[in-house]
Amino acid sequence: MISKQKEKQQLRFACGALLCSLVCVHHASAQTITKPLNSYRVGDEITRLRVPYVEPGSKGENCIWEYDGSVSNAKECKLTVSTENGAIICLENHNLYHYSIKGDSLVSNGFENRTTRLDYLSGQPVLKYPFAYGDSIGGYYCGKGVYSDRLALFVWGKSYTVADGKGVLVNGNDTLRNIVRTHQHIEFRRKTPVVSQSGGINLYDSEDSIKAAMDSISAGMSEDRYRWYMAGYRYPVMESVSYSRITADGTEPYSSMTYMFLPDEQKATLQPDRENEHVREALASNGGGNTGENQADNFPVDLSDIEAGADGKSISFSYNLSESGSVSFCVYDSNSRLISSVSHGSQPEGTYTEHLTLKCAPNGSVMLHTIVNGQSKIVKVKM
573 MISKQKEKQQ
583 LRFACGALLC
593 SLVCVHHASA
603 QTITKPLNSY
613 RVGDEITRLR
623 VPYVEPGSKG
633 ENCIWEYDGS
643 VSNAKECKLT
653 VSTENGAIIC
663 LENHNLYHYS
673 IKGDSLVSNG
683 FENRTTRLDY
693 LSGQPVLKYP
703 FAYGDSIGGY
713 YCGKGVYSDR
723 LALFVWGKSY
733 TVADGKGVLV
743 NGNDTLRNIV
753 RTHQHIEFRR
763 KTPVVSQSGG
773 INLYDSEDSI
783 KAAMDSISAG
793 MSEDRYRWYM
803 AGYRYPVMES
813 VSYSRITADG
823 TEPYSSMTYM
833 FLPDEQKATL
843 QPDRENEHVR
853 EALASNGGGN
863 TGENQADNFP
873 VDLSDIEAGA
883 DGKSISFSYN
893 LSESGSVSFC
903 VYDSNSRLIS
913 SVSHGSQPEG
923 TYTEHLTLKC
933 APNGSVMLHT
943 IVNGQSKIVK
953 VKM
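Heads up: the sequence shown begins at 573 in the working numbering, then just goes up one per residue.
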């Protein structure tokens, strides 16, 4: 009895260690957002795909996020980076977004389009450099502007960004490793009096005055923006954004979207990026490559006949092992919790069957993680 319990504990530890090895290679460089590697570059033209909203999923360490890889309803969105008077200007969808670097932080200074211009007094905090898992930045901000040359625009808000997760992103049949995710939450209140009647409104950028202004206005807006950064690539490979209205009764979601800018597109469309090329080369030379794409064709296990049990508490499948070695299978639910695992010692080449009993009946789908001789692959299984 003791030996069996010990064996189970060792197996759980092995699966956890194997997953950690998958997502935590080169922790210092792979999981840190820095100014040389991730800041906007003047001259970059970014073409992202806008796809149906992808839920942010779990947070914490050793996360497994997923995107089905579908681009059937995708729409191209272009973002161009330029500079003006030392500021960073991003043009997207006829909107000009103004940013600047203040010390070690990236701040938003406002935006403008055909009808609206808004300038922040002290800047809205977005990110700081370096930024690793567990780091955060936040603060209060206020701004003023004009809408349609007729209405004055006054804004009071708060912004908070935290690096709340790290792990892997399963993109269709590919697995993107060395991912750190940030979550930025913004809330703001506004007043829009006619310009001729706006003289009595004063803006003070102290935290107390902004809090007082926000407390005095019940209606407002909020934004949640999740960005998935991948080691060796300058811009987020995925970004999910949702907007909500704030009322006296709570929040009401009204718009959401996701943008994809995957590794192949970044390499193919951006100007040369030697800093990130060096990171990719270092990861590859140490066996910590970022994607499963190169390994997919040579992966020594071929899964087939994957079936979920009628009660949703088991998975059965066959697999062909093309080279001898130790084989492990781990199953994770949508919250990245380990719900089943098995490990086999050295096995000769051949065809095998496997039946895994799950600790619980998960909702939706699970991730089946296969590890063979240090190589790994993740597939999504619908339950």
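Beta carbons: idealized from backbone N, C-alpha and C, even for Gly.
Predicted, not measured: the structure shown is a model, and the values here were computed from it.
Bounding residues of the alpha helix (DSSP H) (the contiguous stretch that carries residue i)
{"i": "valine 851", "result": "846-857"}
{"i": "methionine 955", "result": "Element bounds for methionine 955: n/a, residue is neither H nor E."}
{"i": "asparagine 945", "result": "Asparagine 945 -> no alpha helix (DSSP H), and no H or E assigned at all."}
{"i": "lysine 607", "result": "607-610"}
Distance, residue j Cα to residue i Cα
{"i": "lysine 700", "j": "valine 767", "result": "36 Å"}
{"i": "valine 873", "j": "valine 899", "result": "9 Å"}
{"i": "valine 653", "j": "glutamine 603", "result": "25 Å"}
{"i": "cysteine 649", "j": "tyrosine 831", "result": "8 Å"}
{"i": "serine 778", "j": "histidine 941", "result": "50 Å"}
{"i": "tyrosine 712", "j": "glycine 744", "result": "39 Å"}
{"i": "tyrosine 924", "j": "threonine 747", "result": "24 Å"}
{"i": "glutamine 947", "j": "asparagine 870", "result": "10 Å"}
{"i": "leucine 668", "j": "threonine 754", "result": "23 Å"}
{"i": "methionine 955", "j": "serine 876", "result": "16 Å"}
{"i": "valine 938", "j": "isoleucine 950", "result": "10 Å"}
{"i": "serine 794", "j": "serine 896", "result": "54 Å"}
{"i": "alanine 735", "j": "glycine 922", "result": "44 Å"}
{"i": "leucine 775", "j": "tryptophan 637", "result": "42 Å"}
{"i": "glutamine 919", "j": "serine 630", "result": "35 Å"}
{"i": "methionine 573", "j": "lysine 952", "result": "Residue placement at methionine 573 is poorly supported in this model, since its pLDDT is 44, which falls under 50; the coordinates still yield a value, given next. Computed Cα separation, rounded: 34 Å."}
{"i": "isoleucine 943", "j": "cysteine 902", "result": "8 Å"}
{"i": "leucine 723", "j": "glycine 715", "result": "14 Å"}
{"i": "serine 524", "j": "tyrosine 719", "result": "For residue 524 there is no data in the structure shown, the boundaries of the chain being 573 and 955."}
{"i": "histidine 757", "j": "aspartate 707", "result": "14 Å"}
{"i": "serine 812", "j": "tyrosine 639", "result": "11 Å"}
{"i": "arginine 806", "j": "valine 727", "result": "31 Å"}
{"i": "methionine 810", "j": "tyrosine 798", "result": "8 Å"}
{"i": "glycine 917", "j": "asparagine 945", "result": "10 Å"}
{"i": "glutamate 656", "j": "alanine 785", "result": "32 Å"}
{"i": "glycine 695", "j": "phenylalanine 760", "result": "14 Å"}
{"i": "valine 752", "j": "aspartate 616", "result": "22 Å"}
{"i": "lysine 576", "j": "valine 914", "result": "Per-residue confidence for lysine 576 stands at a pLDDT of 48, beneath the threshold of 50, marking its modelled position as unreliable; the derived number appears in the next sentence. If you take the alpha carbons of lysine 576 and valine 914, they lie about 13 Å apart."}
{"i": "proline 702", "j": "glycine 881", "result": "46 Å"}
{"i": "serine 790", "j": "arginine 817", "result": "11 Å"}
{"i": "serine 642", "j": "aspartate 721", "result": "42 Å"}
{"i": "serine 672", "j": "alanine 659", "result": "5 Å"}
{"i": "leucine 519", "j": "proline 765", "result": "Because residue 519 is not part of the residues shown, which for the chain are 573 to 955, the question remains open."}
{"i": "asparagine 665", "j": "threonine 929", "result": "49 Å"}
{"i": "glycine 739", "j": "glycine 804", "result": "15 Å"}
{"i": "tyrosine 692", "j": "glutamate 849", "result": "36 Å"}
{"i": "serine 788", "j": "leucine 725", "result": "16 Å"}
{"i": "isoleucine 782", "j": "alanine 704", "result": "29 Å"}
One or two residues paired with residue i in a DSSP bridge
{"i": "histidine 927", "result": "Ser888"}
{"i": "threonine 619", "result": "Lys650"}
{"i": "tyrosine 669", "result": "Cys662, Phe683"}
{"i": "leucine 723", "result": "Tyr719, Val766"}
{"i": "tyrosine 713", "result": "Gly729"}
{"i": "arginine 817", "result": "Met793, Glu824"}
{"i": "valine 643", "result": "In DSSP, valine 643 forms no bridge with anything."}
{"i": "glycine 922", "result": "Leu893"}
{"i": "valine 938", "result": "Val953"}
{"i": "serine 708", "result": "Val734"}
{"i": "lysine 674", "result": "Ser677"}
{"i": "glycine 632", "result": "Gly737"}
{"i": "valine 614", "result": "DSSP output for valine 614 lists no bridge partner at all."}
{"i": "glutamate 627", "result": "According to DSSP, glutamate 627 bridges with nothing at all."}
{"i": "serine 912", "result": "Val903"}
Terminal residues of the beta strand (DSSP E) in which residue i lies
{"i": "aspartate 877", "result": "873-880"}
{"i": "proline 697", "result": "688-700"}
{"i": "threonine 830", "result": "822-832"}
{"i": "glutamine 838", "result": "Run containing glutamine 838: none in the beta strand (DSSP E); it sits in the alpha helix (DSSP H), 835-841."}
{"i": "glycine 897", "result": "897-904"}
Cβ-heavy atom distance, residue i to the ligand NAP, below 6 Å
{"i": "aspartate 746", "result": "Among the components of this structure there are no ligands whatsoever, and the ligand NAP is therefore not found."}
Quiz item: Could you give the uninterrupted runs of the beta strand (DSSP E) lying entirely in the segment 732-815, keeping only those of 3 residues or more?
Solution: 746-763, 792-802
Self-check item: Three-pair Cβ contact test at 8 Å for the segment 610-625 versus the segment 681-695
Solution: no
Practice problem: Decide yes or no for the touch test of the segment 928-936 against the segment 904-919: beta carbon pairs closer than 8 Å, at least 3 of them. | Solution: yes
Quiz item: Taking contact to mean at least 3 C-beta pairs separated by less than 8 Å, is the segment 881-898 in contact with the segment 839-854?
Solution: No, the segment 881-898 is not in contact with the segment 839-854.
Quiz prompt | the segment 666-683 / the segment 633-650 touching (three or more Cβ pairs under 8 Å) | solution = no
Quiz item: Is the segment 816-835 close to the segment 788-802, with three or more CB pairs under 8 Å?
Solution: yes
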